[in-house]
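In order, the protein sequence lines correspond to chains A and B.
Just so it is clear: in the first sequence, position 157 is 175 by the numbering used here, and no numbers are missing.
Just so it is clear: in the second sequence, position 126 is 245 by the numbering used here, and no numbers are missing.
What follows is a short report on a single structure.
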Amino acid sequence: MSVRAVAVDAYREAAPALVASVVGGLFAGAVLGGMRGQLRAVDGLLVLVPALLATRGNVYGAFGARLATGLHQGVVEPRVDTGDRRLRAAVAAAMSNGLLASGFAAVVAYAVLTALGEPVAGLGTLVAIALVAGLLSGLALTGAVVAVVFAGYRRGHNPDTIVGPLVTTTGDVFGLAFLVLAVRVVVGGV
Amino acid sequence: MRREWTVAAITRATLPVLLALTVVEVGSGLVLGSFEATLLRYPSLLVLVPVTIGTAGNLGSILASRLSTAFHLGTLSFDPADDELSGNVVATVTLAVTLFPVVGAGAWLLAVVTGGAALAPETVVAVAALSGASLAVLAVVVTLAATYAAYRFELDPDDVVIPVVTNACDVLGVLVLFGAVELLV
């Protein structure tokens with residue numbers, strides 16, 4: 019194939035997924051734009067945003083990929099069964115790793131901002147916000163990933179190609195929406 | 120390959136990398152924090168933050184997974200004259216150049232709808248377009264370097280390249296946005 023043919027082919031294949039993730043990203047941006055009150059109220063919250071969003075992508079992207087591989091290998095059945103030991107372990111690992119990474123991000127952000135002499139909210143406040151946001155968005159993303167991957171698989175779609183765009187489009191929106199909620203829960207009505 | 124499906128095994132396999140990536144992401148958060156006052160003054164720039172970060176990572180990971188597939192099929196060579204390689208690079212840059220001005224317009228519009236945009240629409244479009252074009256070039260460089268390194272060290276690009284590229288592009292996304300805002304706003 020010529021360079022032009024390869025480029026046209028690659029462009030056509032990537033454009034729909036990229037446009038979908040751009041639309042999701044703009045919605046996430048609207049949520050972030052609307053949380054200026056929270057960002058002003060909690061010093062250091064903006065510093066946490068990239069880490070919290072990346073954690074959603076890294077943890078639930080990996081969870082989805084694991085689920086997809088499990089379906090391909092036939093070790094996981096494509097239906098929700100709370101007695102399924104493997105499914106339960108994968109969900110528990112994703113949730114606990116997500117929470118650990120969220121809390122860790124808050125501690126690191128607090129430590130660095132304090133060391134730099136920058137204004138920062140209390141350690142307890144930041145950690146509590148990160149954990150509440152991590153728990154809520156973890157529950158929502160686990161539900162979304164399991165539901166969409168299983169439903170897609172049963173309808174004959176390749177779960178591998180569903181997981182990436184799903185997590186990138188919903189992860190940021192859920193992540194930021196629950197971050198707003200977490201600030202309200204921890205700090206009070208801002 | 121059979122994997123263990125226990126909480127301990129999954130955690131051992133993922134947590135160390137996850138925590139390392141978290142530290143890197145807090146680094147990009149610090150860059151974001153350094154121009155927080157500007158972002159809070161101009162909501163349309165705040166709207167641009169997640170979409171710029173996310174799209175940069177996606178551009179890189181799409182290129183990475185296409186190169187990885189070509190690599191597994193044995194049709195890829197690291198030669199600038201290679202059609203597969205240069206075609207994918209051209210597509211990545213074209214995607215960014217065509218998509219980001221629309222992203223800028225969308226961000227401005229959303230800021231107007233959700234509480235007022237303090238910047239002129241052409242400024243927001245220019246910030247998005249400049250960020251997008253620079254990010255595409257950086258995403259290409261990072262992806263090629265990571266894929267080449269995986270190839271040289273005989274690692275499976277699927278395991279290594281995508282997480283590296285996505286997180287590196289997240290950080291670069293914030294840096295580039297910061298640069299574009301400094302230059303144009």
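Each residue gets a CB set at the ideal place from its N, CA and C atoms; glycine is no exception.
The beta-carbon of A:G43 is placed less than 8 angstroms from the nearest beta-carbon of chain B. One Cα belongs to B:T242, the other to A:F122, and the distance between them is close to 37 angstroms.
If you look at A:S120, you'll find it in the alpha helix (DSSP H) that goes 103-133. For B:G152, the nearest beta carbon of chain A is closer than 8 angstroms to its own beta carbon. Using a CB distance cut-off of 8 angstroms, B:D289 counts as an interface residue toward chain A. Rounded to the nearest whole angstrom, the CA to CA distance from A:G182 to A:L36 is 11 angstroms. The C-beta distance from A:Q56 to A:V198 rounds to 6 angstroms, short enough to fall under 8 angstroms. Inclusion of B:G148 and A:A151 in the CB contact set at 8 angstroms is not warranted, their separation being larger than that value. Taking a Cβ-Cβ threshold of 8 angstroms, the residues of chain A close to B:V142 are V126, in chain order. With respect to the 8 angstroms criterion, B:G292 and B:I172 are classified as neighbours on the basis of their beta carbons. Within 7 angstroms of the CB of A:P68, the CB atoms of chain B belong to E144, S147, G148, L151, I172, D289, V293, in sequence order along the chain. The shortest C-alpha to C-alpha distance from A:A48 to any of B:L164, B:A252, B:L294 is the one to B:L164. If you draw a 10 Å sphere on the C-beta of B:V166, you find 16 or more other C-beta atoms in it, and that means buried.
By the neighbour-count criterion, in which a residue is buried when 16 or more other Cβ atoms sit within 10 angstroms of its Cβ, B:D198 is exposed. Judged by DSSP secondary structure, A:N176 falls outside any alpha helix (DSSP H); it is assigned neither H nor E.
With respect to the C-alpha of B:A237, the residue from B:T130, B:T133, B:L158, B:A128 having the closest C-alpha is B:L158. For A:Y29, the closest Cβ of chain B is nearer than 8 angstroms. If only complete runs of 4 or more residues are kept, the region 20-103 of chain A shows the alpha helix (DSSP H) at 21-52, 54-59, 63-91, in order along the chain.
For the pair of segments examined, the region 131-143 of chain A was found not to touch the region 168-184 of chain A: the number of CB pairs separated by less than 8 angstroms stays below three. Where B:D202 is concerned, the enclosing alpha helix (DSSP H) starts and stops at 202-234. In this structure, B:P276 keeps its C-beta atom at 8 angstroms or more from the C-beta atom of B:V136. For the options B:S187, B:R160, B:T133, the alpha carbon positioned closest to that of B:E273 is the one of B:S187. Contact with chain A is absent for B:A237, since none of that chain's Cβ atoms lies less than 8 angstroms from the residue's Cβ. Against chain A, the beta carbon of B:S187 has no neighbour under 9 angstroms; the closest one sits roughly 13 angstroms away. By the neighbour-count criterion, in which 16 or more other beta carbons inside 10 Å mark a residue as buried, A:R30 falls on the exposed side. The residue among A:R84, A:G174, A:A146, A:V145 with its C-alpha nearest the C-alpha of B:W124 is A:R84. When C-alpha distances from A:S155 are compared across A:L134, A:T87, A:M113, A:M19, the shortest belongs to A:M113. Taking a beta-carbon distance threshold of 8 angstroms, B:W227 does not count as an interface residue toward chain A. Residues of chain A with a Cβ closer than 9 angstroms to the Cβ of B:G206 are, in chain order, M19, S20, V21, R22, A23, V24, A25, V26, D27, A28. Contact with chain B is absent for A:G82, since none of that chain's Cβ atoms lies less than 8 angstroms from the residue's Cβ. For the region 50-63 of chain A, the beta-carbon criterion of a distance under 8 angstroms to any beta-carbon of chain B is satisfied by L50, G51, G52, R54, L57, R58, G62. Under the 10 Å beta carbon count, A:P34 is surrounded by fewer than 16 other beta carbons and is classified as exposed. With a cutoff of 8 angstroms on beta-carbon distance, A:G88 and A:R103 are scored as not near each other. Bounds of the alpha helix (DSSP H) holding B:S153 are 126-153. For A:V164, the enclosing alpha helix (DSSP H) starts and ends at 141-172. The Cβ neighbour count for B:A287, taken over all protein chains shown within 10 Å, is at least 16; the residue is labelled buried.
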